[in-house]
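Protein chains in written order, with the working numbering: chain Z, 9 to 379; chain S, 6 to 362; chain X, 70 to 213; chain L, 251 to 412; chain R, 5 to 107; chain D, 438 to 613; chain C, 191 to 353; chain B, 6 to 207.
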Amino acid sequence: MALKTEEMILNMGPQHPSTHGVLRLELQLEGEIISNVIPHIGYLHRCFEKHAEAMTYPQVIPYTDRMDYLAAMYNEFGYVLAVERLMGIEVPERVEYIRVIMGELQRIASHLVALGTYGADIGAFTPFLYCFRDREKILHLFEITCGARLLYNYIWIGGVSQDLHPDFIRLTRDFIKEFRPNIKELNDLLSYNQIFIDRTANVAALSKETAINYGITGPNLRASGVKWDLRKNDSYSIYDRFDYEIPVGSGERGKTGDCWDRYIIRVREMEESLKIIEQAIEQIPGGDVTSAIPKRVKPPAGQIYTRVENPRGELGYFIISDGSLNPYRIKVRAPSFVNLSVMGELCKGWMVADVVAILGSIDIVLGEIDR
Amino acid sequence: MIYDWLTEFTGSEIIAAFIQGWLPLLFFILPFVLVAVLAERKVSAHMQDRLGPMRVGYHGILQTIADLIKLLQKEDIIASANDKKLFNFAPVLVFVGSYAAFAAIPFSGAFIGSQIELGLLYIVAVTGLVVAGILMAGWASNNKYSLLGAMRAAAQIISYEIPTLLIILTVIMITGTVNLYTLSEMQTSYFWNWMIFGGPEFGLQKFLLIPLMMMGFLVIFISMLAEVNRTPFDIPEAESELVSGFHTEYSGMKFAMFFLAEYANMFAVSAIIAVLFFGGFQSPFGYLGNSLGWEWLVPFEQFFWFTVKGLFFIFVQMWLRWTLPRFRVDQLMAFCWKYMIPFAFVILIIAGLITVL
Amino acid sequence: MLTEFGKVFVFILAAVLFVIIALVVAKFIRPARPTREKLTTYECGENPEGSPWVKFNIRFYVVALIFLIFDVEVVLLIPWALVYKNFGFIGYLVGAIFLILLGLGMAYEWRKGDLEWIRPKIKEPVITKSPPSEQDKENLILVN
Amino acid sequence: MGVYEIIFYLFAAVTLVSAVFVVTSRNIVRAAFNLLFTFFGVAGIYVLLGADFVAIVQLIVYVGGILILLIFGVMITNKITEVDIKTGTIHTLPAAIGVGLFTGIVGAVVLNTEWRVVDSEMPESTLTTLGTMLITEYVLIFELLGILLLIALIGAASMARK
Amino acid sequence: MLEISLTHFLVVSSILFCLGIYGVVTRKNAVMVLMGIELILNASNINFIAFARYGNFGLQGQIVALFVIVLAAAEAAIALAIVLNVYKTFVNINVDELDTLRD
Amino acid sequence: MKSTEEIFSILKEKFPDSVTELLADKPVEPFIEASPLEIDKICIFLIENEELKFDSLMNLSGVDDANGDKEEDEKGLETIKGGTLSVWYNLESIELNHKITLKVSTERENPEVASVAEIWRSADWHEREAFDLYGIKFLNHPDLRRILMPYDWEAGYPLRKDYKNPEFYQGMKVPD
Amino acid sequence: MNLSDQQFTDDNIIITKVEDLFNWARLSSLWQVGFGLACCAIEMMATSASHYDFDRFGVIPRPSPRQSDVIIISGTVTLKMAIRIKRLYEQMPDPKYVISMGSCSNCGGPYWEHGYHVLNGVDRVIPVDVFVPGCPPRPEALLEGLLKLQEKIRNESFGDKNV
Amino acid sequence: MINYLQRFWGGLLTILIGMRVTFKHMFVPAVTIQYPTVKPELPERERNRLYVNMDDCIGCDQCSRACPVSCIDIETVKSIPGEDLGKTSNGKKKALWVIKFDIDIAKCCYCELCVFPCPTDCIYMTDVYEFSEFERSSFIYDFVTLTQEEIKDKKKNFAEMQAKKDAEKAAAAKKSTAGGAEEKAAKKDEPEIKSDSEKEKE
Ligand code: SF4
Ligand code: SF4
Ligand code: SF4
């Protein structure tokens, strides 16, 4: 037999109800205690970077969608920002606003999935469905705008593909109105449930230093008590025009940076995003959205690293252009890719059940990890 | 008594007993499970703003039947690494263990499988079979998830058996009987005679007992939940960790057996709770039959009330399941040893004191 | 005359029969097409790695130990529970002492932490910033 | 040959056959699960002897408790690397012979003794009588058992701990 | 010998008893030895109850059997605890290899 | 808050020989060239120096410069001889909030770069990826295995410009 | 020999009735392997969520393939994953069905051209019953695919590959 | 001791709150769309199966060049001078016979990139999403309206024209034969082509 030692190796995934896709975790157990976790990734390696080298700049956008398919809008956002900076394009006001609105809606949608699946991992299935119910409304907003539910190819270099749908503003207002109470409901049902807190609070607390050294970003970093959000600290687009809070983990229910913090940060971020959207749809100016779209996208030779605060953290595009129509090299700094790498450290000394909780709280998207 | 009637009818006790043995199986358990599974799906669906099965028959009433027939046709896989004998035997053991409990459950004044004197203890005893069966299944599957799940299930069931036993002991002390039939007979006529309201005989004692009984009910209900592995105690089948616990490797009809056993268990525990605290088959307020003078009606009413009570507790179980997250295994154990057992203990001591004063 | 236990026995027989019939019927209907792959143990689509033997948490075992003792005590109390009333307070005392002993054991276990789940200390990940020494390339060759 | 006899022989058979498996089977876990049937059969025999409470206790304690404990013991102390755990047996043959002889002797004695059989009728409800006896004549043993169990509990737990 | 008499029970119990002894002496594995002991105890219990039933001892036989069961439980608990202990120290529990226990 | 020029000057006088040049003339972003085998020492300095404190590595990406001499075989697939592969580091100081970009180049035939995985854990997987896709060996890396491609992938490093796909992988047709 | 593996040449009325019953049972309780691959998996989740509610068709996700009837390949099948998928499929008990959801599992989808690590179509490793187009397919599209599969099952008869 | 009990009751309380929420939802009407019976009407910008209106297609190949997946496969032959292929709806002059216009809808990723560059807006996305198939091959959609004979014919014409490009006067003879060919083809053909060929006879 392969294993005569006292350790047991337990496979989680690639097919596993709660590995959020095709991640494979190799757990080394002693009793039910984890002595080591080895993530095996690449089951969804779709060769994005190779494709990017074979495409023209606009054609890459559909592929960026497919990396983090839960936050497609934001991937496009980041990519087009990079290319625009490379080419020095100024986009119209309206476009900026549209992008921000879309981005924040996407953030809410993505967090909803994260929270829902997290609930399902912990064993509460109902919140999962409530979250998806609310998410459907956001998807509808996207759908009326660009016709797709999940992968939009909406934000283009220098603009957006089409202007907002006439009803968009009204529907968004309605959505915000009916979504606020649902957040409270979610809290009643899940966030403050004693069992849920027992399961998540104090579990796998991630210290500031470790987080930074591992390059953790986004909600996970903030949960560890670092007030670091690119929308404020390295502001891009027009985020500096809105006022909103950056929720930071404070260890209300346990240690700072434990699973519960990571969870609740997302809940609060949704509220903040709602604020941003509200302000944006108040201020949004008129104007043409496709005027700045260049006929031929042909940036000068050079390299650039541009990053945005995607729902999962810092999404960076490192683009090298050789002055031709195709990018010479695109390297994506995927937040989940980096966040997942801390998994091994976090899980040590916890139990199988906790692995699920920890993984869910890190909130990964495999499409983005494997690209 | 159906039994006597059957005896005259068939002329032989054995045959009568056999028929009686099959009665609850065919005319209660199977239909009940079919309904309960559907109900579970419907209840969960409506709690989640869904509809649940809709297309198989009117509002999906035939869904579970379809499931059953489908399971009949599913290939039955015995992985080459399995211990075939035990693997095949485990479902039998589990089902028998959970079904045998029904022998002592008084469905109504007229129908009770066997008025065995030690009914309560007997039911506790046969659950031991289930534990053994689960361990067997888990071990025979030769699969990590199954084995872990089985160990968890066994540990969980046995530890929660203690509070259950203690509370049962309390009830025994107060009522002075272990016979489920007499137990239900005692709490007759009106609902304030139910144990939850301090039992039949009046006086100071009754009112002292009420809070204890409430507490006791809470404890035993939680423990029973744990014994049938329902959320929040469904760690053995925690599908987000151990794929589906000790029946991961089972397919087709054998899996169906586990399924049947689970739901049979659900009803069994609900029935026990109903008998212990809610007057078993007694109606909360007099009988139509008596008031109308139709004696024959009474047993049916009793049966009706019994089923209603059972179903109510099953509904509560479902309700909990679709509301709550799941404990972690160590928290589960801690909960048992640090909350349930001490509580049961205190209840037991105080109740004894009250009864002798 | 069939005793009550006789009926119980019959019940159990009925259950066994039912299961067997069900399984046999299924056997006549269901297909049987085993293949080598199909008969491998399921492990999330991976090849089963290592043995299914689990070095179980010793907790399970201790739980079972404690349970056994408690079980016996409760069982032993049942006859007492039925009749102690007839002996008034004395009768109660007999059982109460017994129970107190039980409680003592329980309290002892609690104090000793036998009811806790063993959990090794969670070590915070440590970050070394020591300059990596120049190292030979052999193991790098192994890597590729 | 009435029902009573049939059932008796049935239980006896179950008990003995499974017992044989227990002591001969080379696979510990199988042995443990066979023990289940032995206990069950013995419980049946108790019932036939009209000791219903003891039978129930047998089920609760042996099947529900000791058996589980044994299985846990097996699972913890054996590396289940393949489905059947082989367990070595020592000097089987002499043991077999010796035990066989012993069985013969005991059997002969049992069969040839003239047992003075008085068919004492069982009291109506064994349980209450047992309870009464526990509280009256056996009260001391009762409490002693309590202490013994307490010691066993503490001892076992502390031993498992270190 | 259709009529079930005391003898039948005694025969059964004696066979069970001997099987127990056989198990005890032949098994290497401590847990298996324990199983043998359980068999023996069961056999003795059958005797107690049988005698109580056929001799006029009222219920004393049963109560003794009850005590025996209790003792058996205690014994099993302790024994298995020891087994576990031994296992932890020697990582095998074959009784014939545990001479090291002495020194 | 320091500009790349200042940082460069600091580095230059600390590591006169291993930090080669600062390219600010290229459009968009200036970056600093360093020598591949010294990069770990430079990084230690960068993270520990009080006024730099580059506590986080945002990104690390390998690049195939494809600047060797190419030769077409029949079927028009080209193989590249000579030239360099390079690795880019994007560093940032969350505390002082400034960034730089480092670049190291190593020759294509035997690409070796000193690993920084011990300094920033985030580099660990990035380096594994660079190794997986470009075959850049990071000296002294904790475990340098393939990360995205299967562990038993024989057919070389996919993101190199002259990568040729194998015909089959475990009996499955590989698209080309 | 068992019913499902038998070939019935003469169309005996009882046999056909039984067939219909069994087909009905199979098609109306298709349990699905709880298993998602990529973007399409999200749409699959959306399909089982409240708005579209797979449960209406009797489809519930089972964590273990041993108890499931249909596997929905929802997303890009990479070479690394293909092996696992094959094993999973093998471990399902007959009768079993496969729905290929989305361009990727149909033929490699957007990645068919330069994807050096993408399997062009899952039907190269396991037999697919229904192809659902779309990238990702709308939940309705998936449901429609399911209905098509049900149609297919309805017309099966004993002795077929699947029954 | 106090917070021991507090924890218990606190837990119980939160559980009850949760139960209240779920219980309320039992009486909230379900949001489910009962798909096969009820079909939601999709927004007008819906992006699903592509459709090409061949009357307007001028075979400029823009779309297939824009497609990142290159799932559009277009082949065209030049029409010989004098052949009138009619105009597109927005008044563009057609100059090419589109003899092959396949879209492998199985590969398409519905990104809509092919729609915008089209000069005549003849390729667009419809809201048809129900077209799952049992066979993969049936996902290749062929939009060409010409028949095989015609395609061969056009090829031939074009080849001949190439061959005799230098000899200008020969072209007239070719044209008449081409007209004849058109006539032959026209017998079994869609109306618009027929109208083309008829126009030619005058
Ligand atoms: S078909 Fe499209 S949506 Fe589905 S997995 Fe492939 S790329 Fe993602
Ligand atoms: S929609 Fe996108 S993928 Fe589909 S044909 Fe048009 S361009 Fe190509
Ligand atoms: S772009 Fe429009 S006109 Fe040009 S070939 Fe495509 S469909 Fe035809």
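Ideal Cβ positions, reconstructed from N, Cα and C, are used throughout, including at glycine.
Predicted model, so just to flag it, every value in this text is computed and none were measured.
If we cut at 9 Å on Cβ distances, does residue i have a partner in chain S?
i         : result
ALA236(C) : no
ALA228(C) : no
In this structure, how does DSSP classify residue i when only helix, strand and coil are distinguished?
i         : result
VAL320(C) : strand
LEU374(Z) : helix
GLY259(Z) : coil
TRP268(Z) : helix
GLU300(S) : coil
ILE20(Z)  : A quick correction: the sequence has Met, not Ile, at residue 20(Z). The answer is strand: DSSP assigns MET20(Z) an E or B state.
LYS302(C) : The question names Lys, but residue 302(C) in the sequence shown is Trp. TRP302(C): coil per DSSP, three-state reduction.
LEU94(Z)  : helix
MET36(R)  : helix
Alpha carbon to alpha carbon, how far is residue j from residue i? Give it in angstroms, no decimals.
i         : j         : result
ARG141(B) : ASN602(D) : 25 Å
ALA78(R)  : ILE138(X) : 7 Å
PRO302(Z) : GLY96(Z)  : 11 Å
LEU11(Z)  : ILE17(Z)  : Confidence at LEU11(Z) is low in this model, with a pLDDT of 32, below 50, so the placement of that residue should be treated as unreliable; the coordinate-derived value is given next. So the alpha carbons of these two residues sit roughly 9 Å apart.
ALA402(L) : TRP327(S) : 42 Å
ALA100(B) : HIS119(Z) : 53 Å
THR379(L) : LYS90(S)  : 43 Å
GLU104(Z) : GLU186(Z) : 26 Å
MET70(X)  : MET191(S) : Its pLDDT being 47, under 50, MET70(X) is placed unreliably by the model, and the measurement read from it follows with that caveat. Looking at the two C-alpha atoms, the distance is approximately 27 Å.
GLU466(D) : LEU220(C) : 56 Å
PRO168(S) : MET338(S) : 12 Å
ALA208(B) : ILE63(B)  : With chain B covering only 6 through 207, there is no way to say anything about residue 208(B).
GLU393(L) : ASN49(R)  : 22 Å
Between which two residues does the alpha helix (DSSP H) holding residue i run?
i         : result
LEU35(Z)  : No alpha helix (DSSP H) contains LEU35(Z), which is instead part of the beta strand (DSSP E) from 32-38.
ALA471(D) : Careful: ALA471(D) lies outside any alpha helix (DSSP H), inside the beta strand (DSSP E) at 468-471.
Output yes if chain X places a C-beta closer than 9 Å to the C-beta of residue i; else output no.
i         : result
VAL15(R)  : no
SER408(L) : yes
Along the beta strand (DSSP E) that carries residue i, what are the first and last residues, could you check?
i        : result
GLN53(S) : Here GLN53(S) belongs to no beta strand (DSSP E), and DSSP marks it neither H nor E.
GLU6(Z)  : For residue 6(Z) there is no data in the structure shown, the boundaries of chain Z being 9 and 379.
VAL45(Z) : 41-48
Let me see if you follow: with CB-CB separation under 9 Å, is residue i close to chain C or not?
i         : result
ARG102(X) : yes
Taking 9 Å as the CB-CB limit, is residue i close to chain Z?
i         : result
PRO48(B)  : yes
VAL500(D) : yes
Write down every uninterrupted run of the beta strand (DSSP E) in the region 73-114 of chain B whose length is 3 residues or greater and which is fully enclosed by it, in chain order. Listed in chain order, they are 77-83, 101-109.
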